[in-house]
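Chains as they are written, first to last, in my numbering: chain Z, 2 to 349; chain U, 2 to 349; chain E, 2 to 349. C-beta: ideal position from N, C-alpha, C; glycine also. Being a predicted model, the structure only gives us computed values, none of them experimental. Some notes on the structure that comes next.
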């Protein structure tokens with residue numbers, strides 16, 4: 002979210018982030034924009050060929066693009082290997098995050114045995130229970146809740162309305178958006194005769210450094226051992242991570258995905274939205290899973306995996322989906338036909 | 002939610018909303034009920050043929066129904082073109098919403114540079130940051146949070162525990178339910194060498210008039226331009242709308258659906274629950290999508306679309322689902338059989 | 002969540018919960034652990050054959066296991082019929098839940114016409130509206146909200162940030178986790194000419210005894226009659242239950258599942274995660290539904306049901322999924338081949 006926007010010349014950007022400047026290096030930009038909606042003080046980026054026509058008509062002052070596209074634009078431009086990542090850095094420069102304003106709001110309830118670093122910011126109506134610790138530069142948003150013995154690292158930011166249950170640990174420079182619930186009880190129930198018996202969830206959640214957790218995402222505490230989110234993991238909104246899941250470093254997961262208990266996900270995986278992963282499954286490093294896929298078995302090889310029934314106009318879908326129920330029978334009929342053909346051939 | 006229920010005669014209802022009264026027009030009703038559970042002071046409606054038997058045995062004082070069913074009941078009744086919409090209006094009349102009680106609760110934290118209309122109501126523990134504006138007749142529920150420069154229109158109602166991030170704009174007469182988070186950062190990350198770099202999300206969210214947003218729904222702010230929800234859109238609970246999505250006016254979306262970044266949805270669409278729509282897809286006006294469908298390509302024609310694997314008893318499903326993995330091979334075997342038949346025929 | 006852990010001998014456990022002790026019955030355990038990570042003061046359990054190797058190498062002081070596995074371990078052990086349920090009870094004994102600390106926090110806003118039992122605990126920034134009732138031993142977590150005339154039973158626990166809309170009723174010994182929203186308006190809208198008309202949601206939600214509701218789960222109030230969750234139901238996180246759903250006693254539902262309006266689910270059902278159940282469907286008792294299944298029709302027989310497209314490596318999936326669109330045509334081609342074979346046979 003932007004504060005007052007400073008301005009930088011293309012030369013200054015090159016000095017900070019590298020790349021090659023083509024055109025007027027003294028040209029200054031003060032904000033980012035899309036190719037389509039840019040005004041004359043803005044810098045845009047080009048990374049998706051689908052928007053080539055916007056590149057050619059953009060009113061942006063300057064554009065960031067890759068070597069392949071260096072001649073596809075006429076405006077001043079920065080050519081670099083990874084335009085999207087370059088743009089991310091320029092945008093962060095032009096849109097500095099509001100800094101921490103140290104101090105505890107008068108209305109916040111901080112237990113006398115909690116330790117809040119004097120460089121931390123605690124918003125109105127926040128509750129910090131006994132034994133909790135908040136590091137230097139951290140921000141605890143309005144109406145957030147830190148249970149007993151929770152630890153929040155340095156420069157970590159909790160937006161308004163985040164809940165962290167007792168004994169969970171959050172690393173440094175991590176961002177947690179509103180409505181996220183970290184450390185609620187895992188869904189541990191044992192069926193006994195005629196009713197469910199609750200299995201106490203005595204583990205916690207450990208979240209690493211440089212993690213981002215989206216709005217209304219839930220991460221349950223472990224049943225016995227801890228649920229673990231390693232460094233650099235990026236979680237979108239409304240993701241559910243069940244007890245004792247382990248997510249490897251730098252894995253990114255899109256919104257609405259549900260991960261069942263004791264799943265182990267490798268490093269550098271990319272998982273789409275609305276994916277379901279069944280309990281106890283193990284997923285290797287560098288696995289990519291398309292949105293809406295149901296993963297019911299372990300994946301041992303890096304690579305891309307998919308599984309979603311393709312959509313169709315309703316009438317076609319009804320006819321094709323009806324045949325799904327006859328697939329096993331169709332396979333048998335085909336085999337029988339092959340036999341019949343063989344016999345006819347041998348007779349003729 | 003109902004307050005004290007007034008009573009109206011069928012004649013009065015006809016004067017307000019039209020339709021034809023059959024039977025005693027002076028009969029008064031004071032509350033709505035289902036056909037099945039109605040008591041003698043209640044008015045019910047009949048719109049779904051599945052409940053015909055309940056129509057014939059209802060103890061309701063009166064019933065609202067369509068022209069086709071005018072003779073299917075013997076109780077006093079109102080015949081109209083759209084019984085469900087008619088019922089909605091009668092129910093709103095009999096169950097007036099609790100009015101706004103103007104004033105700011107003593108515990109609320111309103112920044113001195115925020116502007117709250119004196120006709121607005123702000124509940125306990127609400128936080129309203131610098132530069133935010135709240136219109137006449139609006140209600141900001143308990144423990145809700147309005148970030149810097151947020152604007153909330155007239156007669157808009159936020160229930161308890163709604164979070165609106167900085168600079169988002171909400172129109173008039175819009176309703177937002179508890180736990181909804183509007184304007185959290187979109188999931189913008191660029192992979193660079195060995196880690197993800199955050200792309201600042203500098204757009205906002207603009208929500209129109211007469212919108213309804215369900216509990217725990219999340220709508221992310223735009224990466225650069227804004228995320229837009231047009232007038233009259235109705236969103237159920239636990240929907241995820243990613244950055245830069247555009248939802249056209251009067252579209253309705255059922256619960257748990259996830260819409261990825263930069264999707265553009267037309268006007269008057271009806272989208273079922275647990276639907277996933279992939280990034281950058283465009284959907285025309287008047288499209289209907291069945292629940293649980295994964296939409297991976299743009300839909301250019303109005304109409305109904307579906308895509309969900311039909312469920313079956315476990316054993317049958319296991320046999321049929323196994324064949325899904327051989328579909329491409331089955332298609333080849335069928336083609337080979339057709340060739341063989343052709344050859345045999347030409348030989349015989 | 003654990004407090005200070007007491008210690009018990011295996012003999013004491015047998016006296017409380019039955020079973021047979023093999024080995025040193027005076028051996029004392031003070032905490033639970035997994036087989037894999039247990040230390041010498043811990044008791045673990047063995048129920049899943051997948052972890053047999055951990056059973057054989059565990060450093061646990063004692064293990065709980067079933068009759069089949071009585072000789073698969075050498076450490077002191079308790080043999081019983083249902084090791085997981087036995088373990089649940091032992092864990093509850095060793096990890097007593099923090100007791101209720103009666104009293105209303107100074108910052109809580111309790112309406113003078115609300116009735117909070119003096120044995121109940123109300124946390125900071127909680128809001129309790131007019132006519133609400135809170136029973137003996139109940140805990141209302143920080144920043145939770147109870148609307149008008151809400152009733153919360155005895156020994157029921159709401160964690161921080163739970164929202165209950167007006168007139169909903171929660172039974173005894175029920176647990177509701179953070180971010181859950183009970184009683185928001187159902188998604189009732191009637192289309193009229195060119196816009197949606199809201200159907201007032203005048204029912205409420207009734208939740209029984211011994212229910213557990215996960216973080217960020219939403220249960221909507223009924224349109225006319227109530228939404229009902231019977232005794233002993235267990236709901237995981239981020240579940241959506243629409244208006245007028247009825248969930249039978251002792252049914253358990255995993256995370257992210259969405260249940261549309263007026264669905265009726267039987268008793269003792271087990272429903273997986275990310276399942277979608279279409280409106281007005283009825284499901285018998287003792288039905289089990291696999292994760293990710295879309296249920297579009299009623300299920301009248303107890304048993305297990307599934308429906309998810311199996312996932313595959315991307316290339317194979319693309320080829321097979323393409324054929325899904327030709328299934329109806331494939332069925333016709335197979336029938337034509339069968340006819341052709343019959344004719345060829347009769348000719349030869």
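C-beta contact flag for residue i and residue j at 9 Å
| i | j | result |
| --- | --- | --- |
| residue 204/E | residue 274/U | no |
| residue 185/E | residue 219/E | yes |
| residue 132/U | residue 115/U | yes |
| residue 154/E | residue 139/E | yes |
| residue 246/Z | residue 271/Z | no |
| residue 268/U | residue 250/U | yes |
| residue 111/U | residue 127/U | yes |
| residue 122/E | residue 148/E | no |
| residue 311/U | residue 322/Z | yes |
| residue 214/E | residue 183/E | yes |
| residue 23/Z | residue 71/Z | yes |
| residue 40/U | residue 54/U | no |
| residue 229/E | residue 169/E | no |
Strand pairing of residue i, partner residues [DSSP]
| i | result |
| --- | --- |
| residue 271/Z | 253/Z and 289/Z |
| residue 247/Z | 229/Z and 265/Z |
| residue 235/U | 213/U and 253/U |
| residue 21/U | 80/U |
Cross-chain neighbours of residue i in chain E, by beta carbon under 7 Å
| i | result |
| --- | --- |
| residue 196/Z | 233 and 251 |
| residue 320/Z | 329 |
| residue 125/U | 110 and 128 |
| residue 274/U | 259, 261 and 277 |
Own chain residues within Cβ distance below 6 Å of residue i, not counting five before or after
| i | result |
| --- | --- |
| residue 26/E | 11 and 12 |
| residue 259/U | 241 and 277 |
| residue 46/Z | 65, 84 and 88 |
| residue 287/U | 269 and 303 |
| residue 48/U | 84 and 85 |
| residue 435/Z | There is simply no residue 435/Z to check, as chain Z begins at 2 and stops at 349 in what is shown. |
| residue 120/E | 103, 137 and 138 |
| residue 291/U | 273 and 307 |
| residue 279/Z | 261 and 297 |
| residue 3/Z | Note that residue 3/Z scores a pLDDT of 41, beneath 50, so its modelled location is shaky; the value from the coordinates is reported in the next line. Hits under 6 Å: 96. |
Spatial neighbours of residue i in its chain, beta-carbon cut-off 8 Å, leaving aside the 5 residues before and after
| i | result |
| --- | --- |
| residue 161/E | 124, 142, 143, 144, 145 and 179 |
| residue 172/E | 154, 157, 208, 209, 210, 211, 212 and 232 |
Neighbourhood of residue i by C-beta, 7 Å cutoff - its chain only, sequence neighbours within 5 removed
| i | result |
| --- | --- |
| residue 211/E | 174, 175, 232 and 233 |
| residue 14/Z | 79 and 91 |
| residue 28/Z | 10, 11, 62, 63 and 77 |
| residue 217/U | 180, 181, 238 and 239 |
| residue 20/E | 79, 80, 81 and 87 |
| residue 282/E | 264, 296, 298 and 299 |
| residue 163/E | 142, 145, 177, 179 and 181 |
Partner residues on chain Z for residue i, Cβ-Cβ distance less than 7 Å
| i | result |
| --- | --- |
| residue 287/E | Result: empty, since nearest Cβ-Cβ is about 12 Å, beyond 7 Å. |
| residue 1/U | Nothing can be reported for residue 1/U, as the shown portion of chain U is limited to 2 through 349. |
| residue 312/E | 294, 295, 296, 306, 307 and 308 |
| residue 225/U | 33, 34 and 35 |
Listed by chain order, chain U residues near residue i by CB distance under 9 Å
| i | result |
| --- | --- |
| residue 81/Z | Residues of chain U passing the Cβ test: none, with the nearest at roughly 11 Å. |
| residue 347/Z | Chain U residues near residue 347/Z: none, gap ~11 Å exceeds 9 Å. |
Contact set between residue i and chain U, taken where Cβ atoms lie within less than 7 Å
| i | result |
| --- | --- |
| residue 88/E | Here the premise fails: no neighbours, minimum Cβ distance about 28 Å. |
Within chain Z, the residues that residue i reaches when beta carbons sit closer than 8 Å
| i | result |
| --- | --- |
| residue 14/E | Within chain Z, no residue comes near residue 14/E; the closest Cβ sits about 15 Å away, beyond 8 Å. |
Check whether the stretch 303 to 313 of chain U and the stretch 310 to 328 of chain Z touch, using three or more Cβ-Cβ pairs below 8 Å as the test. Cβ pair count under 8 Å is three or more, so yes.
Taking one C-beta from the stretch 337 to 348 of chain U and one from the stretch 328 to 342 of chain E each time, how about it: are there three or more such pairs within less than 8 Å? The count of Cβ pairs closer than 8 Å, one atom from the stretch 337 to 348 of chain U and one from the stretch 328 to 342 of chain E, reaches three, so the stretches are in contact.
With contact counted as at least three CB pairs below 8 Å, one residue from each stretch, are the stretch 90 to 104 of chain E and the stretch 90 to 110 of chain U in contact? Too few Cβ pairs lie closer than 8 Å, so no.
For the structure I just gave you, are there three or more beta carbon pairs, one from the stretch 191 to 200 of chain Z and one from the stretch 76 to 88 of chain E, closer than 8 Å? These segments touch.
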